[in-house]
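Undergrad: Numbered according to this note's numbering, the sequence shown spans residues -3 to 421. Idealized CB from N, CA, C, for every residue including glycine.
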Amino acid sequence: MNSLSAPGRRTDPLRRSDLPVAATARRLAGTGSVFGAILDHGPVARSTVARLTGLSPASVTGHVGQLLARGLVRESAETSGPRGLGRPHIPVEVDTGRYLVAGAHIAVAHSTVSLMDLRGRIVAEDRQPHRTKDPHRMLVELASRLPRLTAAHAGGRTVLALGLATGHRVDPVAGMIVEHPQLGWRDVPARDILAAATGLPVHVDSHSRALARAEQLFGEESTRTSTVLLFVGAVVDAAFATEGAMHRGPRSGAGSVAHLPLGTGGTGSPGAGGDGGAEPCSCGRTGCLQSEVSERAMVRRAAAQGLVVGSFRELLDRALAADPRAVALFRRRARLVGRAAALLLDMFDPEVLVVVEPGSGRIPACLADLRAEVAERSWVCEDPERAVVPTSFTGSVLATAGGAVALGALYTDPLGPWPALPAVS
Ligand SMILES: [Zn+2]
């Protein structure tokens, strides 16, 4: 029996949009899993792909044939098995020579456009400060930067699709940025605007879900079992995934942890006492996760301590250059992020929690502080060294996020409607 029609299944209209997605996922699971196995293990023999995916050798041959016909994989020059004894096993690998995807990420103060190959490697990126906060104008301006980037860096490869990632609430099914409070955006039809401006298929998602998907595809393999990804930048939010599938929620609101109370008002906590006290939050309270650890809060706290910097990036550069005041600010941030991480670990008990935060990605003392805070506060996590890891994409997080939205869609549905690819039967 089709599980979707099983008696007793909820038919909440809010969930109806999931049904075609589930049906598509089932129909295409075969080719998608073969493509994923080739990404993981290529160059790899078809017989090994059959073993890895549990599919029959004949159906793997069929799926590989379709991927070859689309130019997404190629037969490797390298061969295995004894020469001269019948037909050699010709391994297959992802073809990175024909196609790219484009990515776009919208941050609070700037945007990044990027090109990524089919193995998730960044080919080029371009970051620019916002010149407008009008959503339509900003998206059209973003789109206008792509042809120049492609002409300079694509090396003759064709761009298959554009992925857009941003913070807060994004609905990938509707193609909408539902709400981005710091930009003042609500219900922005980003997919339609970008598709009209670029002529490309466009996929949109939250940057946290995009980065969690990037980990599953080409980063930390344990995220495929279950994961929480905590993003700490100008925006603070999170993503949850289990059995490889992202949990979005009926309002696209899963992972809205910006206003998680940290309890920084009390004596003896990192936010208390002589270092400036708890930050007031946009929500009217004090001591929320985002108001304590966001980039803006970091710059403001640095200024309050006499360390005047022009931007968060400059503060990070100072910390990387071992300026003790800057390092102390990042270590405080790491401890506060550790508190939130401990709560999320207890709530969800994921296989691994990924932290996207440049201090813990690049300063060993920060990662140690974060893990120590988790060890002290979490009730379920007994091995923070294994269970809490920095992102695999430190230094290229924003360029990765946008591209990962498009590549995630391609690896889920390689036989789907990708206009730049040859049709398959
Ligand atoms: Zn708040």
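Measure the alpha-carbon distance for residue 264 versus residue 224 and round it to whole angstroms.
TA: Within the sequence shown, residue 264 is the residue found at index 268, counting from 1. Within the sequence shown, residue 224 is the residue found at index 228, counting from 1. Summary for residue 264: the model assigns pLDDT 42, below 50, so the residue's position carries little reliability, and this model does not support an answer.
Undergrad: By Cβ distance, which residues of its chain are closer than 6 Å to residue 323, with the 5 residues on each side in sequence left out?
TA: Numbered from its first residue, the sequence shown carries residue 323 at position 327. Once the five neighbours on either side are set aside, the close Cβ partners of residue 323 are 315.
Undergrad: Considering just the uninterrupted stretch of the beta strand (DSSP E) at residue 124, what are its terminal residues?
TA: The count along the sequence shown starts at 1 and reaches residue 124 at position 128. Residue 124 -> beta strand (DSSP E) spans 118 to 125.
Undergrad: Locate the alpha helix (DSSP H) running through residue 61, then write down its first and last residues.
TA: In the sequence shown, the residue the question calls residue 61 occupies position 65. Residues 53 to 65.
Undergrad: Taking the Cβ atom as the reference point for each residue, do residue 354 and residue 312 lie within a distance shorter than 8 Å?
TA: Residue 354 sits at position 358 when you count from the first residue of the sequence shown. Residue 312 sits at position 316 when you count from the first residue of the sequence shown. Against a cut-off of 8 Å, the Cβ pair of residue 312 and residue 354 comes out as a contact.
Undergrad: At which residue ranges does the region 241 to 329 contain complete alpha helix (DSSP H) runs of 4 or more residues, listed in the order of the chain?
TA: 285 to 289, 291 to 300 and 308 to 316
Undergrad: Between the region 369 to 378 and the region 174 to 183, can you find at least three pairs of beta-carbon atoms closer than 8 Å?
TA: no
Undergrad: Rank 402, 86 and 48 by C-alpha distance to the C-alpha of residue 36 and give the top, closest one.
TA: Stepping through the sequence shown from its first residue, residue 36 is reached at position 40. It is 48.
Undergrad: Using a Cβ-Cβ cutoff of less than 7 Å, which residues in the same chain neighbour residue 39 once the five nearest sequence positions on both sides are dropped?
TA: Taking the sequence shown and counting its residues from 1, one reaches residue 39 at position 43. Here the set comprises 72, 74, 87, 88 and 89.
Undergrad: Just how far apart, CA to CA, sit residue 269 and residue 275?
TA: Position 273 of the sequence shown holds residue 269. Position 279 of the sequence shown holds residue 275. Residue placement at residue 269 is poorly supported in this model, since its pLDDT is 37, which falls under 50; the coordinates still yield a value, given next. C-alpha separation (whole angstroms): 12 Å.
Undergrad: Please report the residue range of the alpha helix (DSSP H) in which residue 203 lies.
TA: Within the sequence shown, residue 203 is the residue found at index 207, counting from 1. 203 to 214 is the span of the alpha helix (DSSP H), which, as asked, contains residue 203.
Undergrad: Does residue 38 come out as helix, strand or coil in the three-state DSSP assignment?
TA: As a first step, residue 38 must be located in the sequence shown, where it is residue number 42. In the structure shown, residue 38 sits in coil (DSSP, three-state: anything other than H, G, I, E or B).
Undergrad: Residue 157 lies in the beta strand (DSSP E); which residues open and close that run?
TA: The count along the sequence shown starts at 1 and reaches residue 157 at position 161. Element bounds for residue 157: 154 to 162.
Undergrad: Which residues have a Cβ closer than 6 Å to any heavy atom of ligand 1, listed in chain order?
TA: 255, 277, 279, 281, 284 and 287
Undergrad: Buried or exposed: residue 128, going by 16 or more other Cβ atoms within 10 Å of its Cβ?
TA: Working through the sequence shown from its first residue, we reach residue 128 at position 132. Its Cβ having fewer than 16 others within 10 Å, residue 128 is exposed.
Undergrad: Write down the C-beta distance between residue 215 and residue 388 rounded to the nearest angstrom, noting that I regard them as a contact closer than 8 Å.
TA: Position 219 of the sequence shown, counted from the start, is the residue given in the question as residue 215. Position 392 of the sequence shown, counted from the start, is the residue given in the question as residue 388. Right, their Cβ atoms sit about 3 Å apart.
Undergrad: Using the DSSP secondary-structure output, state which residues sit across from residue 167 in a beta bridge.
TA: The residue given as residue 167 occupies position 171 in the sequence shown. DSSP output for residue 167 lists 172 as bridge partner(s).
Undergrad: Let me check one thing: in DSSP terms, what residues is residue 113 bridge-paired to?
TA: Here the question's residue 113 lines up with position 117 in the sequence shown. DSSP output for residue 113 lists 96 as bridge partner(s).
Undergrad: To which residues of the same chain is residue 45 closer than 8 Å at the C-beta, ignoring the five residues directly before and after it?
TA: On the sequence shown, position 49 is the one that residue 45 refers to. Here the set comprises 30, 33, 34, 37, 51, 56, 60 and 88.
Undergrad: Put residue 227 into one of helix, strand or coil per three-state DSSP.
TA: Counted from its first residue, the sequence shown places residue 227 at position 231. Residue 227: strand per DSSP, three-state reduction.
Undergrad: Could you give the distance in angstroms between the alpha-carbon of residue 234 and the alpha-carbon of residue 385?
TA: Sequence index remark: in the sequence shown, residue 234 carries index 238 (1-based). Sequence index remark: in the sequence shown, residue 385 carries index 389 (1-based). When rounded, the distance between both Cα atoms is 14 Å.
Undergrad: What does the Cβ neighbour count give for residue 278, buried or exposed, with the cut at 16 atoms within 10 Å?
TA: Here residue 278 refers to the residue found at position 282 of the sequence shown. By the neighbour-count rule (16 or more Cβ atoms within 10 Å), residue 278 is not buried but exposed.
Undergrad: From residue 197 to residue 120, what does the alpha carbon distance come to, in whole angstroms?
TA: Sequence index remark: in the sequence shown, residue 197 carries index 201 (1-based). Sequence index remark: in the sequence shown, residue 120 carries index 124 (1-based). Rounded to the nearest angstrom, the two C-alpha atoms are 20 Å apart.
Undergrad: Do you know offhand how far residue 117's Cα is from residue 252's?
TA: Mapped onto the sequence shown, residue 117 falls at position 121. Mapped onto the sequence shown, residue 252 falls at position 256. For residue 117 and residue 252, the distance between alpha carbons rounds to 29 Å.
Undergrad: Taking one C-beta from the region 168 to 175 and one from the region 357 to 364 each time, how about it: are there three or more such pairs within less than 8 Å?
TA: Because the criterion of three Cβ pairs below 8 Å is not met, the region 168 to 175 and the region 357 to 364 do not touch.
Undergrad: CA-CA distance, residue 160 and residue 193?
TA: Working through the sequence shown from its first residue, we reach residue 160 at position 164. Working through the sequence shown from its first residue, we reach residue 193 at position 197. If I take the Cα positions, the gap works out to 13 Å.
Undergrad: Please state if the CB of residue 341 and the CB of residue 332 are separated by a distance shorter than 8 Å.
TA: Translated into the one-based positions of the sequence shown, residue 332 becomes position 336. Translated into the one-based positions of the sequence shown, residue 341 becomes position 345. No, the Cβ-Cβ distance between residue 332 and residue 341 is not below 8 Å.
Undergrad: Using beta-carbon positions only, say whether residue 230 and residue 292 come within less than 8 Å of one another.
TA: On the sequence shown, residue 230 is found 234 positions in, with the first residue counted as 1. On the sequence shown, residue 292 is found 296 positions in, with the first residue counted as 1. In this structure, residue 292 lies closer than 8 Å to residue 230 by Cβ.
Undergrad: Using 10 angstroms around the beta-carbon of residue 375, count the other beta-carbons present and answer buried if the total reaches 16, otherwise exposed.
TA: Taking the sequence shown and counting its residues from 1, the one referred to as residue 375 is at position 379. Result: exposed.
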